[in-house]
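Worksheet for the structure shown next.
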Amino acid sequence: MTGVSTVDVTDDEDDLRLDRWFKRHYPDLSHVHLQKLLRKGQVRLDGKRAKASTRIEAGQAIRVPPLGKAPEGKRPVKSKADISDADARMIRESVLHMDDNLIVINKPPGLAVQGGTGITRSVDGMLDALRFEAPERPRLVHRLDKDTSGVLVLARGASQAAKLTSVFRSKTARKVYWTIVVGVPEPKDGKIDLALAKMPGAKGERVVPEPDGGKRAVTYYRTVEKASRKAAWLVMEPETGRTHQLRVHALALETPIMGDGKYGGAEAFLKGP
Numbered sequence: 005m006t007g008v009s010t011v012d013v014t015d016d017e018d019d020l021r022l023d024r025w026f027k028r029h030y031p032d033l034s035h036v037h038l039q040k041l042l043r044k045g046q047v048r049l050d051g052k053r054a055k056a057s058t059r060i061e062a063g064q065a066i067r068v069p070p071l072g073k074a075p076e077g078k079r080p081v082k083s084k085a086d087i088s089d090a091d092a093r094m095i096r097e098s099v100l101h102m103d104d105n106l107i108v109i110n111k112p113p114g115l116a117v118q119g120g121t122g123i124t125r126s127v128d129g130m131l132d133a134l135r136f137e138a139p140e141r142p143r144l145v146h147r148l149d150k151d152t153s154g155v156l157v158l159a160r161g162a163s164q165a166a167k168l169t170s171v172f173r174s175k176t177a178r179k180v181y182w183t184i185v186v187g188v189p190e191p192k193d194g195k196i197d198l199a200l201a202k203m204p205g206a207k208g209e210r211v212v213p214e215p216d217g218g219k220r221a222v223t224y225y226r227t228v229e230k231a232s233r234k235a236a237w238l239v240m241e242p243e244t245g246r247t248h249q250l251r252v253h254a255l256a257l258e259t260p261i262m263g264d265g266k267y268g269g270a271e272a273f274l275k276g277p
């Protein structure tokens, strides 16, 4: 990359750390080189200086300076030897589809997509096990919450990553989630347009409805099946990609996602026969 470019943050990248964003888009850029660019103010977020730990927001503009070749060399890549045999086997068995351009896996619940403070296991840390004799490890192009299971698409090279990122940014790709909720929503189909905001708490950060000053969050939902009045199978399709959006929107329908004790409390679990 030889010129200055400006890249808009997508909904899927909302709340991502700035250094994680660079790792996703420019995997050969070392952490040391990025820190140097940040110190010199060459990287800007909405025209202002930013730190590596800054949480970016959907719609913000990131100024990316000419990167050239970082003198520090390529970022260190976790070797296959650092991945346990059990994790390597697990991540390979999760593959749903593979071709020359992409790999699709079924991410299990409880496994983070990317590493971070307190996270020792992540999909990103296991990607070398998914090389399958390719010259480079596959690349992340979107993410799922740690506690969410589902389809995760990986690009098998830089050009494929750029194309897939463009697809997610333009919303050409649809994201559809299946959820089991406690109770049956009324109406059974509809649109949830409820702005959200983050709130710190004693048990960690939570996302809460904030109609006045929150970020716009929209979810479409449809009831597929129900079990009496106790539970329902919903198809939820987020138009925006806020943190914990589906969990909070399901709670707003008074039908918390089953097992989601963080937001639904005791009401997120079925009681009795």
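Counting the sequence shown from 1 gives a position; our numbering is that position plus 4.
Note that beta-carbon positions come from the ideal geometry of N, C-alpha and C, so glycine has one too.
Under 9 Å between C-beta atoms, does residue i make it to chain D?
i	result
Asp132	Protein chains in the displayed structure number just one, and chain D is not present.
Leaving out the 5 sequence neighbours to the left and right, which residues in its chain are closer than 7 Å to residue i when beta-carbon positions are compared?
i	result
Ala138	Arg160
Lys230	Val188 and Ala236
Gly217	Ala201
Gly45	Arg53
Pro69	Val8, Leu41, Gln46 and Val47
Phe26	Leu33 and Leu38
Return the chain-ordered list of same chain residues with a C-beta closer than 6 Å to the C-beta of residue i, the five sequence neighbours on each side being excluded.
i	result
Lys195	Tyr224
Ala116	Ile123, Ser126 and Lys150
Pro191	none
Asp19	Arg59 and Thr247
Lys84	Bear in mind that a pLDDT of 47 at Lys84, under 50, signals an unreliable position, so the number given afterwards is only what the model happens to contain. If we look at Lys84 and ignore the five residues flanking it on each side, its Cβ neighbours are Asp132.
Glu243	Val222
Arg210	Met203
With a threshold of 16 other CB atoms inside 10 Å of the CB of residue i, please say whether the residue is buried or exposed.
i	result
Gly129	buried
Lys90	For the sequence presented, residue 90 should be read as Ala rather than Lys. So Ala90 counts as exposed.
Ser174	exposed
Asp104	exposed
Phe136	exposed
Ala177	exposed
Met240	buried
Thr14	buried
Arg98	The residue you asked about is not Arg; residue 98 is Ser in the sequence shown. Answer is buried; the Cβ neighbour count reaches 16.
Val36	exposed
Gly276	exposed
Arg93	exposed
Thr152	buried
Thr121	exposed
Leaving aside the five residues before and after residue i along the sequence, list all residues of the same chain whose C-beta is less than 8 Å from its C-beta, in chain order.
i	result
Gly119	Ser126, Asp128 and Gly129
Val11	His29, Ala65, Ile66 and Val68
Val193	The residue asked about is misnamed: residue 193 is Asp in this sequence, not Val. Counting only Cβ-Cβ distances below 8 Å, and skipping sequence neighbours, we find Tyr225, Arg226 and Thr227.
Leu274	Val186, Lys234, Ala235 and Met262
Val108	Val99, Leu100, His101, Met102, Val155, Leu156, Val157 and Leu158
Does the distance from the C-beta atom of residue i to that of residue j stay below 9 Å?
i	j	result
Leu255	Trp182	no
Leu134	Leu158	yes
Val212	Val252	yes
Asp86	Gln64	no
Arg21	Ala56	yes
Thr227	Val186	no
Ala162	Arg147	no
Ala54	Leu71	no
Ile261	Gly268	yes
Quick one: what's residue i bridged to in DSSP?
i	result
Lys52	Leu49
Arg143	Ala159
Lys195	Tyr224
Ser126	Ala116
Gly154	Lys111
**Prompt:** Using 8 Å as the Cβ pair cut-off and three pairs as the minimum, do the segment 112–124 and the segment 165–172 touch?
**Reply:** Cβ pair count under 8 Å is below three, so no.
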